[in-house]
Amino acid sequence: MHRKVFILMLGLLVLLVVLGACASGSQEKQLVTMEVTKEVTVIVTKEVPAAAAKSKLDVVMERGKLICGVNANLPGFGYLDQNGQYAGFDIDFCKALAAALFDDPSKVEYRPLTAKERFTAVQTGEVDVLIRNTTWTLSRDTSVGMDFAPTTFYDGQGIMVRKADNIKSLEDLQGATICVSTGTTTELNLADQMRAHGIDYTPVVFETADATFGAYEEGRCDAVTTDKSGLVSRKSLLKNPEEHVILDVTLSKEPLSPAVLQGDSKWLDVVKWVVFATFQAEEFGITSQNVDDFKNSDNPGIRRFLGLEGDLGKGLGLTNDFAYRVIKHVGNYAEIYDRNLGPNTPFNLPRGPNSLWTDGGLLYSPPFR
Ligand SMILES: N[C@@H](CCC(=O)N[C@@H](CS)C(=O)NCC(=O)O)C(=O)O
Numbered sequence: 004m005h006r007k008v009f010i011l012m013l014g015l016l017v018l019l020v021v022l023g024a025c026a027s028g029s030q031e032k033q034l035v036t037m038e039v040t041k042e043v044t045v046i047v048t049k050e051v052p053a054a055a056a057k058s059k060l061d062v063v064m065e066r067g068k069l070i071c072g073v074n075a076n077l078p079g080f081g082y083l084d085q086n087g088q089y090a091g092f093d094i095d096f097c098k099a100l101a102a103a104l105f106d107d108p109s110k111v112e113y114r115p116l117t118a119k120e121r122f123t124a125v126q127t128g129e130v131d132v133l134i135r136n137t138t139w140t141l142s143r144d145t146s147v148g149m150d151f152a153p154t155t156f157y158d159g160q161g162i163m164v165r166k167a168d169n170i171k172s173l174e175d176l177q178g179a180t181i182c183v184s185t186g187t188t189t190e191l192n193l194a195d196q197m198r199a200h201g202i203d204y205t206p207v208v209f210e211t212a213d214a215t216f217g218a219y220e221e222g223r224c225d226a227v228t229t230d231k232s233g234l235v236s237r238k239s240l241l242k243n244p245e246e247h248v249i250l251d252v253t254l255s256k257e258p259l260s261p262a263v264l265q266g267d268s269k270w271l272d273v274v275k276w277v278v279f280a281t282f283q284a285e286e287f288g289i290t291s292q293n294v295d296d297f298k299n300s301d302n303p304g305i306r307r308f309l310g311l312e313g314d315l316g317k318g319l320g321l322t323n324d325f326a327y328r329v330i331k332h333v334g335n336y337a338e339i340y341d342r343n344l345g346p347n348t349p350f351n352l353p354r355g356p357n358s359l360w361t362d363g364g365l366l367y368s369p370p371f372r
């Protein structure tokens with residue numbers, strides 16, 4: 004008899020552990036009855052996924068346009084061009100998403116956000132996606148409540164100084180004042196690196212890039228720091244760009260990546276695979292100019308990628324030709340990069356780590372299959 008009770012208790016314990024281990028994510032409790040022996044029925048509560056909340060994908064499709072949180076003050080990445088239209092590398096990824104969703108890259112409402120405002124705008128649902136030179140970090144991915152799509156631009160933090168000051172290294176900044184924007188990774192990296200190198204400095208902190216670079220230009224700081232892409236971009240706005248130099252030091256890793264609200268994997272998948280489509284198209288050699296020629300391709304991988312065969316797009320809740328739409332309207336990664344940052348732009352940024360993995364870079368798309 005004792006033995007029977009012991010076995011029953013053990014069985015119950017195992018059951019509870021198994022059910023407990025299965026609980027995760029968005030959950031609700033459900034009563035589960037289970038017959039352990041002919042005489043004994045165990046009643047436990049089991050955590051099961053709550054009825055799936057509406058995905059942002061459905062909200063965006065019903066609305067008929069995408070709301071993209073962007074930078075309005077970063078030439079090359081997110082800014083207003085001479086016609087007052089949003090343009091830039093980040094902006095093109097907003098357009099790529101709209102192309103995939105609506106077959107129309109213009110179906111985007113842009114919301115300019117400061118560094119400080121950006122995560123709140125995602126948390127409150129004011130924007131569907133944040134594509135604004137935003138670094139993927141652990142704390143943003145967890146406690147700040149973001150989920151990140153693949154990195155679109157691998158960057159690192161740099162420092163800009165006046166040429167005339169003859170500053171060459173971090174050590175030369177002993178006792179310097181350094182202008183920096185608040186609400187950024189930049190502020191913390193600077194403190195870490197200066198402490199690690201035992202360099203005393205005075206940070207002068209501003210809320211916007213305009214204020215940060217304005218103060219530097221007025222001579223209120225000896226140096227200004229942000230992502231190297233940001234330095235190259237903002238240098239072009241200074242009165243005499245040639246009087247300034249970006250030091251050959253990299254203070255951090257800044258993988259700039261699109262972000263969405265945590266916990267909506269359907270929407271995150273869409274953003275992820277639209278970014279991957281731009282990488283994969285470059286790898287296949289498919290561009291906005293030649294994409295229609297590939298419709299006759301008999302390469303099964305390319306046919307699946309363009310939605311000529313299979314149901315890959317449907318799996319995402321999109322049309323099967325979503326990648327075709329992205330490439331046709333916006334182009335592959337190389338086209339997006341060159342249009343905004345390449346040799347024919349004022350920035351002329353080498354691809355470096357932002358090359359395909361096949362060229363020794365970090366851009367790698369998982370298989371479209
Ligand atoms: N990638 C960094 C820095 C991004 C950033 O926002 N940098 C500056 C200058 S390029 C900025 O925009 N500052 C304030 C603003 O204008 O909102 C991050 O994610 O924190």
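Note that my numbering has the sequence shown beginning at 4, numbered continuously upward. By construction, the Cβ of each residue, glycine as well, lies at the ideal position given by its N, Cα and C atoms.
For residue j and residue i, believed in contact at Cβ under 8 Å, the rounded distance
i, j, result
"T290", "G334", "6 Å"
"S368", "F282", "4 Å"
"K98", "K68", "Not a contact, Cβ separation roughly 12 Å."
"V273", "L60", "6 Å"
"I94", "V63", "Actually they are not in contact, since the Cβ atoms of I94 and V63 sit about 17 Å apart, beyond 8 Å."
"T155", "S268", "20 Å between Cβ atoms; not a contact."
"I134", "F96", "5 Å"
"A284", "A218", "Not really, about 42 Å apart at Cβ, beyond 8 Å."
"K256", "G159", "6 Å"
Alpha carbon of residue i to alpha carbon of residue j, nearest angstrom
i, j, result
"F2", "V235", "Because the chain is modelled from 4 through 372, residue 2 falls outside the range shown and cannot be assessed."
"D225", "V252", "16 Å"
"D213", "I70", "24 Å"
"Y204", "V227", "12 Å"
"L315", "R307", "7 Å"
"T187", "K242", "25 Å"
"R328", "T322", "9 Å"
"D131", "R342", "25 Å"
"K238", "I202", "25 Å"
"E246", "R165", "6 Å"
"S172", "G222", "19 Å"
"V146", "F122", "Just to set this straight, residue 146 is Ser in the shown sequence, not Val. The straight-line gap from Cα to Cα measures roughly 11 Å."
"T180", "L254", "17 Å"
"R66", "G320", "16 Å"
"E120", "W139", "16 Å"
"D295", "A280", "16 Å"
"E338", "V248", "28 Å"
"R372", "G304", "8 Å"
"N293", "T215", "43 Å"
"A56", "D168", "57 Å"
"I330", "Q85", "25 Å"
"N302", "F287", "10 Å"
"Y336", "T185", "30 Å"
"S300", "L100", "25 Å"
"F151", "P244", "34 Å"
"L141", "R198", "22 Å"
Beta-carbon proximity list for residue i, same chain, < 6 Å, skipping 5 on both sides
i, result
"Y157", "P258, P356, N357, L365"
"H332", "A102, P108"
"P78", "S236, S239"
"I170", "V164"
"L2", "For the chain, the structure presents residues 4 to 372; residue 2 sits outside this window and is missing."
"Y3", "Because the chain is modelled from 4 through 372, residue 3 falls outside the range shown and cannot be assessed."
"G363", "none"
"G313", "R307"
"R143", "M149"
Nonlocal neighbours in the same chain, by C-beta distance under 7 Å from residue i, ignoring five residues either side
i, result
"P370", "none"
"L311", "K298"
"W360", "L366, Y367"
"K317", "N323"
"L83", "A75, Y89"
"P153", "S260, K275, V278, F279"
Beta-carbon proximity of residue i to residue j, cut-off 8 Å
i, j, result
"G136", "D230", "Gly is not the amino acid found at residue 136; the sequence shown has Asn there. Yes, these two residues count as a Cβ contact at 8 Å."
"W276", "S58", "no"
"G87", "F80", "no"
"L176", "V183", "no"
"E210", "T117", "yes"
"V278", "V125", "no"
"Q1", "M149", "Look at the range of the chain in this structure, 4 to 372, and you will see that residue 1 is not part of it."
"G161", "L250", "yes"
"E174", "H200", "yes"
Sequence-distant residues of the same chain with beta carbon closer than 8 Å to residue i, five excluded per side
i, result
"K41", "Residue confidence is low: K41 scores 39 on pLDDT, short of 50, so the model does not pin down where it sits. Its coordinate-derived value is still stated next. Taken in chain order, the list of residues that qualify is empty."
"N347", "D341"
Closer than 7 Å: residue i CB and nearest ligand 3 heavy atom
i, result
"G178", "Among the ligands modelled here, namely ligand 1, ligand 3 does not occur."
Requested in this report: Let me know the beta strand (DSSP E) ranges lying completely inside the stretch 208-271, each 3 residues or longer, listed in chain order.
Outcome: 226-230, 247-249, 257-259, 262-264
Report task. Write down every uninterrupted run of the alpha helix (DSSP H) in the stretch 81-128 whose length is 4 residues or greater and which is fully enclosed by it, in chain order. Result -> 92-105, 121-126
Query raised in the report: Along the chain, which unbroken stretches of the beta strand (DSSP E) at least 3 residues long are found entirely within the stretch 133-169?
Result: 149-151, 156-158, 160-165
Report task. Within the stretch 287-335, note down every full beta strand (DSSP E) run reaching 3 residues or more, in order along the chain. Result -> none
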